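The sequence shown begins at 27 in this note's numbering and counts up by one.
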Amino acid sequence: MTDSRDRDAASWEAYWRGAGESNAGDVGGVNQPAVDAFWLGHLPDALPAARQQPRILDIATGNGAMIAKILASMAGRDPQIECVDVSPSAIDAVSARFPFVSGKVGDVSRLPYDDGAFDLVVSQFGLEYAGENAFREAARVVAPGGRLALVVHIQEGAVYRECRDNLDALQRLRASNFITLARQMFEEAFTARTGGSREAYESAARQLQPAIEELDGIMSEYGTAVADNTISQLYDGVRRIHERIVHYDANEVLTWLARMNEEVDTFIYRMSSMLGSAIDEAGFEEICAVLRDGDLFLEQTKPLVPATEELPVAWLIVAGRRDDASHQGEASPSQRAEPAVGEDVRLWVADEKKRAIDDLMAGDRIDDEFFEVDVEAALPFKALIGSIRRPRDTERSQWFVTY
Numbered sequence: 027m028t029d030s031r032d033r034d035a036a037s038w039e040a041y042w043r044g045a046g047e048s049n050a051g052d053v054g055g056v057n058q059p060a061v062d063a064f065w066l067g068h069l070p071d072a073l074p075a076a077r078q079q080p081r082i083l084d085i086a087t088g089n090g091a092m093i094a095k096i097l098a099s100m101a102g103r104d105p106q107i108e109c110v111d112v113s114p115s116a117i118d119a120v121s122a123r124f125p126f127v128s129g130k131v132g133d134v135s136r137l138p139y140d141d142g143a144f145d146l147v148v149s150q151f152g153l154e155y156a157g158e159n160a161f162r163e164a165a166r167v168v169a170p171g172g173r174l175a176l177v178v179h180i181q182e183g184a185v186y187r188e189c190r191d192n193l194d195a196l197q198r199l200r201a202s203n204f205i206t207l208a209r210q211m212f213e214e215a216f217t218a219r220t221g222g223s224r225e226a227y228e229s230a231a232r233q234l235q236p237a238i239e240e241l242d243g244i245m246s247e248y249g250t251a252v253a254d255n256t257i258s259q260l261y262d263g264v265r266r267i268h269e270r271i272v273h274y275d276a277n278e279v280l281t282w283l284a285r286m287n288e289e290v291d292t293f294i295y296r297m298s299s300m301l302g303s304a305i306d307e308a309g310f311e312e313i314c315a316v317l318r319d320g321d322l323f324l325e326q327t328k329p330l331v332p333a334t335e336e337l338p339v340a341w342l343i344v345a346g347r348r349d350d351a352s353h354q355g356e357a358s359p360s361q362r363a364e365p366a367v368g369e370d371v372r373l374w375v376a377d378e379k380k381r382a383i384d385d386l387m388a389g390d391r392i393d394d395e396f397f398e399v400d401v402e403a404a405l406p407f408k409a410l411i412g413s414i415r416r417p418r419d420t421e422r423s424q425w426f427v428t429y
């Protein structure tokens, strides 16, 4: 189990270390509009309005996507946010993006926090990787009167099937030996450029041809976007370099292939880990039992199924801890919080609001203060750009947004 956890940690560290570069692969499901809609509907009312400085924990924070949602959904409050992730690179990136957030590197199945430390505990596609004790730990740190909200991978759902397709495509890529054969062809090509044997280069190019045909077949079956464009990126990159090889440096080309080879390996492991961590119905019942044993009451426990889809994208869990009369007179986690960082938070929200509006306008989504927009385009920006409502006389897929 320890070896598996260590490999999981190494895989995610490699992923987050490469985030922002030409990274092969993204985390399936995180950008699902239905998941965003759940959080944007839940977070504003997750805690009583009287809690102006709620202490919040984001478990398995990754790139801080949940932190952005929390800040956008709690306008007018000064949330004291902490986060934890197994990846040092993830915590470094979150700290750079949100300097007012306290981040820790740690095993989420052994949280470095006191019992009842947080008013709100959240996690999106994270706890399931760390096993049952991670859910037990998440429950432990919920304060009296606090809430727990989780989005968890579900077996045989839309994200699960996408990951399964990604894994099959990547395993077929690996079995074709495409990267190794491409490297051999380029090595011979660069040697031929400096007076070496052209026959060796032509032989290497012929050996690559079956692998090229295999990639053609993969993309025909799954589409060019499979595995977050990793297959097409390799295919197009090798073709482009081959056609214009006189313009490329040998070390740069071979370094690119080596990096892609490493990224494909970690991508394969992440997809395998996602599939292995996804929760079936029996496992979901066990998680719910763990939370009940942690003295939480369950408010929502169900699959999240988008309105226009048949397959669920995740399990949802919303739970809470009742106020304990024995704690009366003690300082709540909110009251124990450090001084507010309200101005930093307000400036961040203002910047994000401007960026959201600019993004929508740049994409020709809006050109006025009152506009009609596809719900899928609007929902991720709901808390930042104002109100979203559906008039009675419009199609279900059309919403009006004002900002």
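Note that beta-carbon positions come from the ideal geometry of N, C-alpha and C, so glycine has one too. Since this is a predicted model, take the numbers as computed values, not measurements.
Given this structure, state the Cα-to-Cα distance separating Asn255 from Gly88, to the nearest angstrom. Looking at the two C-alpha atoms, the distance is approximately 21 Å.
Measure the beta-carbon distance from Ala237 to Arg347 and round it to whole angstroms, keeping in mind my assumption that it falls under 8 Å. Contact doesn't hold; Cβ gap of about 56 Å is too wide.
Could you check the C-alpha separation between Val127 and Arg209 for me, to the nearest Å? Cα to Cα, the separation comes out at about 44 Å.
Where do the ends of the alpha helix (DSSP H) carrying Ser115 lie? 114-123 is the span of the alpha helix (DSSP H), which, as asked, contains Ser115.
With 16 other CB atoms within 10 Å as the buried threshold, where does Glu214 fall? Of the other Cβ atoms in all chains shown, 16 or more fall within 10 Å of the Cβ of Glu214; this residue is therefore buried.
Among Pro105, Ser113, Ile244, which one has its Cα closest to the Cα of Asp145? Looking at the Cα atoms, Pro105 is the closest of the given residues.
Delimiting residues of the alpha helix (DSSP H) encompassing Val127: For Val127, no alpha helix (DSSP H) run applies, since DSSP gives it neither H nor E.
Taking DSSP's pairing of strands, which residues face Phe151 in a bridge? BP columns for Phe151 are empty, so no partner.
Among Pro114, Leu69, Val177, the one whose alpha carbon lies nearest that of Gln58: In this structure, Val177 is the residue among Pro114, Leu69, Val177 with its C-alpha nearest to the C-alpha of Gln58.
Under the three-state reduction of DSSP, which class applies to Leu176: helix, strand or coil? Of the three classes helix, strand and coil, the one that applies to Leu176 here is strand, per DSSP.
Pick from Gly183, Ser149, Leu193, Asp84: whose alpha carbon is nearest that of Asp291? Of Gly183, Ser149, Leu193, Asp84, the smallest CA-CA separation from Asp291 is found for Leu193.
Could you please give the first and the last residue of the uninterrupted beta strand (DSSP E) stretch that includes Asp111? That run of the beta strand (DSSP E) goes 106-111.
Just to confirm, are Leu207 and Leu234 a CB contact at a threshold of 8 Å? Yes, Cβ-Cβ distance for Leu207 and Leu234 is below 8 Å.
Have a look at Gln197, Ile180, Ala164, Gln181 and flag the residue whose alpha-carbon is nearest the alpha-carbon of Gly173. The amino acid occupying residue 173 in the given sequence is Arg; Gly does not appear at that position. Ranking Gln197, Ile180, Ala164, Gln181 by Cα distance to Arg173 puts Ala164 first.
Do Ala195 and Leu153 have their beta-carbon atoms positioned less than 8 Å apart in this structure? At least 8 Å separates the beta-carbon of Leu153 from that of Ala195.
Would you report the Cα separation of Ala276 and Arg285, rounded to the nearest angstrom? The alpha-carbon atoms of Ala276 and Arg285 are separated by roughly 14 Å.
Close beta carbons around Phe161, own chain, < 6 Å, minus the five adjacent residues each side: Taken in chain order, the residues that qualify are Leu153, Ile313, Val316.
For Asp133, which three-state DSSP category applies? Residue state, collapsed to three classes: coil.
Spatial neighbours of Glu108 in its chain, beta-carbon cut-off 6 Å, leaving aside the 5 residues before and after: Around Glu108: Leu83, Ser128.
Once you ignore the five residues that flank Thr327 on each side, which residues in its own chain have a CB closer than 6 Å to its CB? Contacts found: Cys314, Ile343.
Is the number of C-beta pairs between the region 241-250 and the region 258-270 that are closer than 8 Å three or more? The region 241-250 makes contact with the region 258-270: 3 or more CB pairs, one atom from each, lie closer than 8 Å.
Can you list, in chain order, the residues of its chain whose CB lies under 7 Å from that of Ser135, leaving out five sequence neighbours each side? If the five residues before and after Ser135 are omitted, its C-beta is found closer than 7 Å to the C-beta atoms of Ala156, Gly157, Asn159, Ala160, Glu163, all from its own chain and listed in chain order.
Mapping the DSSP letters down to three states, classify Gly302 as helix, strand or coil. Three-state DSSP puts Gly302 in a helix.
Have a look at the DSSP bridge pairing and note the partners of Lys95. Answer is none; Lys95 lacks a bridge partner.
Under 8 Å between C-beta atoms of Ala175 and His268: Ala175 is not a Cβ neighbour of His268, given a cutoff of 8 Å.
Limits of the beta strand (DSSP E) - the one that Gly67 falls within: Careful: Gly67 lies outside any beta strand (DSSP E), inside the alpha helix (DSSP H) at 59-68.
Per-residue DSSP class, three states only, for Gln326: It is a strand residue.
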